[in-house]
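Below you'll find the structure, written out as C-alpha coordinates, and then a few comments.
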Amino acid sequence: MQPLLLLLALLLPVGAETEKIIGGHEAKPHSRPYMAFVQFLDKDNNNDSKKRCGGVLVHKDFVLTAAHCWGSSIKVTLGAHNIKEQEKTQQVIPVRRAIPHPDYSPKNYSNDIMLLLLERKAKLTAAVKTLPLPRGKARGDSGGPLVCNNVVQGIFSYGKNDGTPPGVFMKISHFLPWIKRTIKHL
(Lines of atoms letter the chains of each structure in order from A and count residues from 1; the text may use other names and numbers.)
(Lines give C-alpha, C1' and ligand atoms only; values in the text may rest on other atoms or scores of the structure.)
Protein backbone atom coordinates (compact mmCIF):
# COMPACT_ATOMS: atom_id res chain seq x y z
CA MET A 1 0.00 0.00 0.00
CA GLN A 2 2.79 2.48 0.87
CA PRO A 3 4.57 2.07 -2.50
CA LEU A 4 1.23 2.78 -4.23
CA LEU A 5 0.71 5.97 -2.22
CA LEU A 6 4.27 7.07 -2.98
CA LEU A 7 3.68 6.44 -6.69
CA LEU A 8 0.43 8.41 -6.61
CA ALA A 9 2.15 11.28 -4.81
CA LEU A 10 4.87 11.38 -7.45
CA LEU A 11 2.25 11.61 -10.20
CA LEU A 12 0.70 14.77 -8.73
CA PRO A 13 1.50 17.97 -10.57
CA VAL A 14 4.00 20.08 -8.67
CA GLY A 15 2.26 22.93 -6.89
CA ALA A 16 -1.16 21.32 -7.01
CA GLU A 17 -3.27 22.85 -4.30
CA THR A 18 -6.19 21.51 -2.32
CA GLU A 19 -8.48 24.32 -1.29
CA LYS A 20 -11.61 22.26 -0.75
CA ILE A 21 -12.40 19.82 1.99
CA ILE A 22 -14.26 16.83 0.62
CA GLY A 23 -16.45 14.85 3.04
CA GLY A 24 -15.33 16.80 6.10
CA HIS A 25 -17.35 18.08 9.00
CA GLU A 26 -17.13 21.17 11.16
CA ALA A 27 -14.89 20.74 14.18
CA LYS A 28 -16.14 21.50 17.66
CA PRO A 29 -15.32 25.18 18.34
CA HIS A 30 -11.75 25.62 19.62
CA SER A 31 -11.09 21.88 19.75
CA ARG A 32 -7.87 22.47 17.81
CA PRO A 33 -6.41 25.44 19.74
CA TYR A 34 -3.00 25.07 18.07
CA MET A 35 -4.33 25.87 14.58
CA ALA A 36 -3.20 29.11 12.97
CA PHE A 37 -4.67 31.01 10.02
CA VAL A 38 -1.88 32.59 7.98
CA GLN A 39 -2.65 35.48 5.60
CA PHE A 40 -0.18 37.21 3.30
CA LEU A 41 0.13 39.23 0.12
CA ASP A 42 1.44 37.27 -2.85
CA LYS A 43 3.76 39.42 -4.95
CA ASP A 44 4.11 36.77 -7.70
CA ASN A 45 2.69 37.52 -11.14
CA ASN A 46 2.80 41.27 -10.39
CA ASN A 47 -0.43 41.23 -8.40
CA ASP A 48 -0.88 41.85 -4.72
CA SER A 49 -3.45 39.13 -4.13
CA LYS A 50 -4.31 37.96 -0.64
CA LYS A 51 -3.37 34.34 0.00
CA ARG A 52 -3.97 32.12 3.00
CA CYS A 53 -2.57 28.99 4.54
CA GLY A 54 -2.86 26.99 7.69
CA GLY A 55 -0.22 26.66 10.33
CA VAL A 56 0.42 25.33 13.79
CA LEU A 57 1.52 27.20 16.93
CA VAL A 58 4.59 25.27 18.13
CA HIS A 59 5.92 27.89 20.56
CA LYS A 60 4.42 31.03 22.10
CA ASP A 61 6.05 33.10 19.36
CA PHE A 62 6.51 30.64 16.47
CA VAL A 63 4.10 29.22 13.92
CA LEU A 64 5.15 26.36 11.66
CA THR A 65 3.74 26.37 8.12
CA ALA A 66 4.71 25.57 4.51
CA ALA A 67 7.49 27.64 2.90
CA HIS A 68 5.34 28.31 -0.16
CA CYS A 69 3.08 30.33 2.17
CA TRP A 70 5.56 33.19 1.98
CA GLY A 71 4.71 36.74 0.97
CA SER A 72 4.59 40.23 2.37
CA SER A 73 2.50 41.60 5.23
CA ILE A 74 2.13 38.17 6.84
CA LYS A 75 -0.22 38.00 9.79
CA VAL A 76 -1.39 35.08 11.88
CA THR A 77 -4.79 34.62 13.48
CA LEU A 78 -4.97 32.31 16.50
CA GLY A 79 -7.99 31.21 18.53
CA ALA A 80 -10.46 31.40 15.64
CA HIS A 81 -13.30 29.02 14.99
CA ASN A 82 -14.88 30.97 12.13
CA ILE A 83 -12.33 33.17 10.41
CA LYS A 84 -15.11 35.19 8.76
CA GLU A 85 -16.34 36.46 12.13
CA GLN A 86 -14.59 38.42 14.84
CA GLU A 87 -14.50 36.36 18.01
CA LYS A 88 -13.31 37.43 21.46
CA THR A 89 -10.95 34.43 21.46
CA GLN A 90 -9.06 35.57 18.35
CA GLN A 91 -5.53 36.95 18.49
CA VAL A 92 -4.26 38.58 15.29
CA ILE A 93 -0.48 38.88 15.40
CA PRO A 94 1.78 40.28 12.68
CA VAL A 95 4.81 38.23 11.67
CA ARG A 96 8.15 39.82 12.50
CA ARG A 97 10.17 37.43 10.36
CA ALA A 98 9.46 34.54 7.99
CA ILE A 99 12.19 31.90 8.00
CA PRO A 100 11.84 29.36 5.18
CA HIS A 101 14.05 26.29 5.30
CA PRO A 102 17.40 27.24 3.70
CA ASP A 103 17.06 24.40 1.17
CA TYR A 104 13.46 25.17 0.15
CA SER A 105 12.93 24.96 -3.60
CA PRO A 106 9.81 26.59 -5.08
CA LYS A 107 10.43 24.66 -8.30
CA ASN A 108 9.77 21.22 -6.79
CA TYR A 109 8.55 22.14 -3.28
CA SER A 110 11.35 20.24 -1.58
CA ASN A 111 11.93 21.27 2.04
CA ASP A 112 8.59 23.12 1.96
CA ILE A 113 8.63 24.19 5.60
CA MET A 114 8.87 27.59 7.28
CA LEU A 115 8.88 29.13 10.73
CA LEU A 116 7.09 32.40 11.37
CA LEU A 117 8.45 34.51 14.22
CA LEU A 118 5.52 36.43 15.66
CA GLU A 119 5.80 40.12 16.51
CA ARG A 120 4.70 39.27 20.06
CA LYS A 121 4.10 36.10 22.04
CA ALA A 122 0.68 34.52 21.79
CA LYS A 123 -1.35 34.60 24.98
CA LEU A 124 -2.10 30.97 25.81
CA THR A 125 -5.78 30.43 26.60
CA ALA A 126 -8.36 27.66 26.24
CA ALA A 127 -8.67 28.68 22.55
CA VAL A 128 -4.92 29.20 21.90
CA LYS A 129 -2.40 26.50 22.79
CA THR A 130 0.88 25.21 21.42
CA LEU A 131 1.25 21.75 19.91
CA PRO A 132 4.40 19.83 20.81
CA LEU A 133 6.95 18.91 18.19
CA PRO A 134 7.80 15.23 17.81
CA ARG A 135 10.70 14.03 19.95
CA GLY A 136 12.05 11.57 17.44
CA LYS A 137 11.11 9.81 14.26
CA ALA A 138 7.49 10.15 13.16
CA ARG A 139 5.27 7.28 12.09
CA GLY A 140 4.00 9.06 9.90
CA ASP A 141 -4.69 22.60 3.59
CA SER A 142 -1.16 24.19 2.90
CA GLY A 143 0.73 24.59 6.12
CA GLY A 144 -1.92 22.73 8.11
CA PRO A 145 -0.64 20.09 10.53
CA LEU A 146 -0.90 16.32 10.44
CA VAL A 147 -1.46 15.48 14.09
CA CYS A 148 -1.00 12.06 15.68
CA ASN A 149 -1.26 11.48 19.43
CA ASN A 150 -1.52 15.25 20.02
CA VAL A 151 1.88 15.89 18.42
CA VAL A 152 2.45 17.64 15.09
CA GLN A 153 3.95 15.10 12.69
CA GLY A 154 3.65 16.84 9.32
CA ILE A 155 2.92 20.10 7.54
CA PHE A 156 0.72 19.95 4.46
CA SER A 157 2.59 20.79 1.28
CA TYR A 158 0.36 19.96 -1.69
CA GLY A 159 -2.21 17.63 -3.18
CA LYS A 160 -4.64 17.26 -6.08
CA ASN A 161 -6.64 20.29 -7.25
CA ASP A 162 -9.96 18.52 -6.65
CA GLY A 163 -9.16 17.74 -3.02
CA THR A 164 -9.05 13.96 -3.45
CA PRO A 165 -6.28 11.95 -1.77
CA PRO A 166 -3.43 11.69 -1.49
CA GLY A 167 -2.15 14.84 0.12
CA VAL A 168 1.58 15.29 0.58
CA PHE A 169 2.93 16.24 4.01
CA MET A 170 6.46 17.30 4.95
CA LYS A 171 7.64 15.05 7.77
CA ILE A 172 8.44 17.29 10.76
CA SER A 173 10.92 14.97 12.47
CA HIS A 174 13.31 15.29 9.53
CA PHE A 175 13.43 19.06 10.13
CA LEU A 176 13.67 19.03 13.95
CA PRO A 177 17.34 20.07 14.10
CA TRP A 178 16.66 23.09 11.88
CA ILE A 179 13.45 24.02 13.74
CA LYS A 180 15.04 23.80 17.20
CA ARG A 181 18.22 25.62 16.09
CA THR A 182 16.18 28.41 14.49
CA ILE A 183 13.87 28.87 17.50
CA LYS A 184 16.81 28.84 19.91
CA HIS A 185 18.75 31.52 18.03
CA LEU A 186 15.91 34.02 17.65
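Read in order, the letters of the sequence shown correspond to residues -18 to -1, 1 to 168 in mature numbering (1 follows the signal peptide of the UniProt record, and there is no 0).
Idealized CB from N, CA, C, for every residue including glycine.
List the endpoints of the continuous beta strand (DSSP E) containing residue i.
{"i": "residue 81", "result": "73 to 82"}
{"i": "residue 34", "result": "31 to 41"}
Name the one or two DSSP bridge partners that residue i has.
{"i": "residue 136", "result": "128, 153"}
{"i": "residue 85", "result": "In DSSP, residue 85 forms no bridge with anything."}
{"i": "residue 210", "result": "One cannot answer for residue 210 here, as it falls past the ends of the chain, which runs -18 to 168."}
{"i": "residue 113", "result": "None; residue 113 has no bridge partner."}
{"i": "residue 24", "result": "31"}
{"i": "residue 92", "result": "87"}
{"i": "residue 54", "result": "23"}
So residue i is in the alpha helix (DSSP H); what residue range does that whole segment cover?
{"i": "residue 107", "result": "Residue 107 -> no alpha helix (DSSP H), and no H or E assigned at all."}
{"i": "residue 164", "result": "158 to 167"}
List the whole-angstrom C-beta distance separating residue i from residue j, where the pair is believed to meet the contact cut-off of C-beta under 8 Å.
{"i": "residue 99", "j": "residue 44", "result": "6 Å"}
{"i": "residue 116", "j": "residue 129", "result": "Not really, about 10 Å apart at Cβ, beyond 8 Å."}
{"i": "residue 104", "j": "residue 60", "result": "5 Å"}
{"i": "residue 170", "j": "residue 58", "result": "No answer is possible for residue 170: the residues shown for the chain start at -18 and end at 168."}
{"i": "residue 154", "j": "residue 135", "result": "6 Å"}
Tell whether a beta-carbon distance below 8 Å holds between residue i and residue j.
{"i": "residue 137", "j": "residue 23", "result": "no"}
{"i": "residue 12", "j": "residue 83", "result": "no"}
{"i": "residue 52", "j": "residue 80", "result": "yes"}
{"i": "residue 16", "j": "residue 49", "result": "no"}
{"i": "residue 161", "j": "residue 97", "result": "yes"}
{"i": "residue 101", "j": "residue 127", "result": "no"}
Say whether chain D places a C-beta atom closer than 8 Å to the C-beta of residue i.
{"i": "residue 53", "result": "Of the chains in the structure shown, none is chain D; there is only one protein chain."}
Legend entry - Inter-stretch contact at 8 Å, needing at least 3 Cβ pairs: the stretch 35 to 53 / the stretch 94 to 113: yes
Inset, instruction - Inspect the CB distances between the stretch 83 to 98 and the stretch 65 to 72 and report whether three or more fall short of 8 Å. - result: no
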